[in-house]
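Written out below as structure tokens is the structure these notes cover.
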Amino acid sequence: MKIKSICCIGAGYVGGPTMAVIAKKCPQIKVTVVDINEARIAAWNDEDVNNIPVYEPGLGEVVAEARGRNLFFSTDVDGAIDEADMVFISVNTPTKTYGEGKGLAADLKWIELCARQIARVATNDKIVVEKSTLPVRTASTIKSILNHTGSGVNFQILSNPEFLAEGTAVDDLMSPDRVLIGGDQTPEGLNAIQALVDVYAEWVPRDRILTTNVWSSELSKLTANAFLAQRVSSINSLSELCEHTEADINEVARAIGSDSRIGPKFLKASVGFGGSCFQKDILNLVYISRSYGLDEVADYWEQVIKMNDHQKRRFAKKIIRSLYNTVNGKKIALLGWAFKKDTNDTRESAAIYVSDHLLFEQANISVYDPKVKEEQVFVDMDYLNTRSSEENRKYIEVVNDPYEACKGAHAIAVMTEWDEFKAYDWQRIYDNMLKPAHVFDGRNILDREKLKNIGFQVYAIGSAG
Ligand code: UDX
Ligand code: ADP
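Each residue of the sequence shown is one higher than the one before, starting from 3 at the first, in the numbering used here.
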């Protein structure tokens, strides 16, 4: 079967970039991305591609090329589902905030709504692809809903997890390490797998397209993220040990990363990992393991999260301790709010938790991030629900100029590894701060010696200095 028309439900960080690249690489396929969020769709349709809702290097160009040709953004969810041969589900699956599995399991409400909508609307056979990160066995839920419509329409369910990392999404999509497609091992299932393989084969070498059964595909996604997060927690755990010894975490990371079995990537000590996936996926893994009575397995992975929480807390405590155990009324500048550089995504960003901790101590926080909007900072803080929205606005300010953020501050905390931070005029920043002026480099990106020579007190994750 040759796919002619694709619909993607969910125009977020995954759906938007993925569909833009499919549309670019497959001009013969009509790709329609739909969302119930009208403002988001309007932003994707903004004439000026600088205003699309997801910031990713290179994405604007891809959208500009394909949009209006074979890439469309729309709020007509029903119409797009009906027209498509293949429907991707790419809606958000946050961790549950209520009921059974609260704080651990993924909330599948949105997925189920999508499945019901597809079931209601479809008038011809369709391949449904789960693209969101989902707990193992979600495909069976979707299948069960779709197969009980009584409409005579046949559905094949595929799992096609996304491995793109934010900030490098376009490159990751254009030349992926691998594409993973899981489906039923029946003749119909294998046909559906082949149809999706043919889409990716337009630009991905065939040997990088892996096919498996559905469950392996679903579990592989959780496992990949758990392994990556585990590396970060492992190096972060040792960063604390380094701070108590003469070892330096950057040197340790380089030394172990040179072992080809370990490899150099994902060994950068930091204030803690963030992002929408790592924590959620591990919590899912923990939840699933516990539900099968596998407590040792669950405990093992849970420790990765505990270590990450510890790292964020310890960073905030370090700031407070260094400022003579009180930050009450002191201005602290946060450089960066996004969970990593080159994205405007702030979900689970360490900056949120560090700020929360500092606000408990009644600090005044000034935030600068090159891509995150002021309102997002307050949305994130209000979402924590630890204090009123008025209080958040009273103690946090968000500014458009980094020099303004640092002016009159006692300390600067680097929360995101944006490249531009390295190029600042640090002498000028120092001259306008209260003394002693502190820098807490939560990303190990600044030139420590240079800052010390200027006069800063410098703390960098993972070194005693
Ligand atoms: C991750 C996976 O990499 C991707 O394959 C999956 O599809 C989605 O989840 P993402 O969350 O976008 O991608 O970013 P990633 O680059 O993995 O970084 C996650 C977090 O770990 C960030 O906060 C980052 O700053 C942190 N990190 C990463 C470190 O602290 N140190 C490192 O060495 C690497
Ligand atoms: P991700 O990082 O997984 O892409 P996002 O939150 O960025 O997550 O995007 C998910 C998108 O899915 C949101 O824009 C949301 O409005 C959309 N969405 C959720 N449920 C539905 C639904 N039933 N129909 C259409 N869009 C939906």
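Think of the CB as a built atom: it goes at the ideal place given N, C-alpha and C, for glycine as much as any other residue.
Identity of the residue in the options nearest residue i by Cα
| i | options | result |
| --- | --- | --- |
| residue 15 | 462, 285, 170 | 170 |
| residue 106 | 113, 112, 97 | 97 |
| residue 375 | 359, 361, 348 | 348 |
| residue 76 | 85, 60, 40, 88 | 40 |
| residue 439 | 456, 372, 447 | 456 |
| residue 363 | 338, 267, 405, 322 | 322 |
| residue 294 | 164, 242, 138, 61 | 138 |
| residue 38 | 329, 81, 460 | 81 |
| residue 366 | 394, 384, 177 | 394 |
| residue 280 | 326, 229, 429, 61 | 229 |
| residue 411 | 337, 257, 387, 182 | 337 |
| residue 282 | 247, 264, 350 | 350 |
| residue 99 | 392, 430, 385 | 385 |
| residue 189 | 6, 158, 5 | 158 |
| residue 194 | 179, 175, 214, 178 | 214 |
| residue 387 | 361, 342, 368, 222 | 361 |
| residue 446 | 178, 123, 460 | 460 |
Residues that DSSP places opposite residue i in a beta bridge
| i | result |
| --- | --- |
| residue 461 | 442 |
| residue 158 | 129 |
| residue 472 | Residue 472 lies beyond the range of the chain shown here (3 to 467); nothing can be said about it. |
| residue 295 | Answer is none; residue 295 lacks a bridge partner. |
| residue 287 | Answer is none; residue 287 lacks a bridge partner. |
| residue 76 | 36 |
| residue 182 | 212 |
| residue 69 | 73 |
| residue 121 | None, per the DSSP bridge assignment. |
| residue 108 | 97 |
Nearest-angstrom beta carbon gap, residue j and residue i [assumed within contact, 8 Å]
| i | j | result |
| --- | --- | --- |
| residue 2 | residue 113 | As displayed, the chain neither begins before 3 nor continues past 467, which places residue 2 out of reach and without an answer. |
| residue 23 | residue 206 | Going by Cβ atoms, the distance from residue 23 to residue 206 rounds to 10 Å, so no, they are not a contact pair. |
| residue 163 | residue 125 | About 29 Å; that fails the 8 Å criterion. |
| residue 416 | residue 458 | Not confirmed; about 12 Å, so no contact. |
| residue 161 | residue 79 | The Cβ separation is near 22 Å, so there is no contact. |
| residue 127 | residue 149 | That pair is no contact at about 12 Å. |
| residue 175 | residue 166 | 6 Å |
| residue 146 | residue 184 | With a Cβ gap of about 17 Å, residue 146 and residue 184 do not count as contacting. |
| residue 233 | residue 268 | 4 Å |
| residue 418 | residue 308 | 23 Å between Cβ atoms; not a contact. |
| residue 401 | residue 368 | 6 Å |
For residue i, the three-state DSSP class (helix, strand or coil)
| i | result |
| --- | --- |
| residue 81 | helix |
| residue 21 | helix |
| residue 51 | helix |
| residue 88 | strand |
| residue 247 | coil |
| residue 368 | strand |
| residue 271 | coil |
| residue 466 | coil |
| residue 144 | helix |
| residue 256 | helix |
| residue 28 | coil |
| residue 321 | helix |
| residue 2 | Since the first and last residues shown for the chain are 3 and 467, residue 2 lies out of range. |
| residue 234 | helix |
| residue 8 | strand |
| residue 300 | helix |
| residue 356 | helix |
| residue 264 | coil |
| residue 399 | strand |
| residue 137 | coil |
| residue 165 | coil |
C-beta contact flag for residue i and residue j at 9 Å
| i | j | result |
| --- | --- | --- |
| residue 132 | residue 121 | no |
| residue 73 | residue 36 | no |
| residue 284 | residue 240 | no |
| residue 304 | residue 168 | no |
| residue 315 | residue 359 | yes |
| residue 90 | residue 28 | no |
| residue 352 | residue 407 | no |
| residue 355 | residue 318 | yes |
| residue 249 | residue 466 | yes |
| residue 208 | residue 201 | no |
| residue 273 | residue 444 | yes |
| residue 405 | residue 427 | yes |
| residue 55 | residue 42 | yes |
| residue 203 | residue 129 | no |
| residue 409 | residue 435 | yes |
| residue 7 | residue 85 | yes |
| residue 423 | residue 341 | no |
| residue 5 | residue 87 | yes |
| residue 20 | residue 92 | yes |
Any non-hydrogen atom of the ligand HEM closer than 8 Å to residue i Cβ
| i | result |
| --- | --- |
| residue 119 | This structure does not include the ligand HEM; its bound ligands are the ligand UDX and the ligand ADP. |
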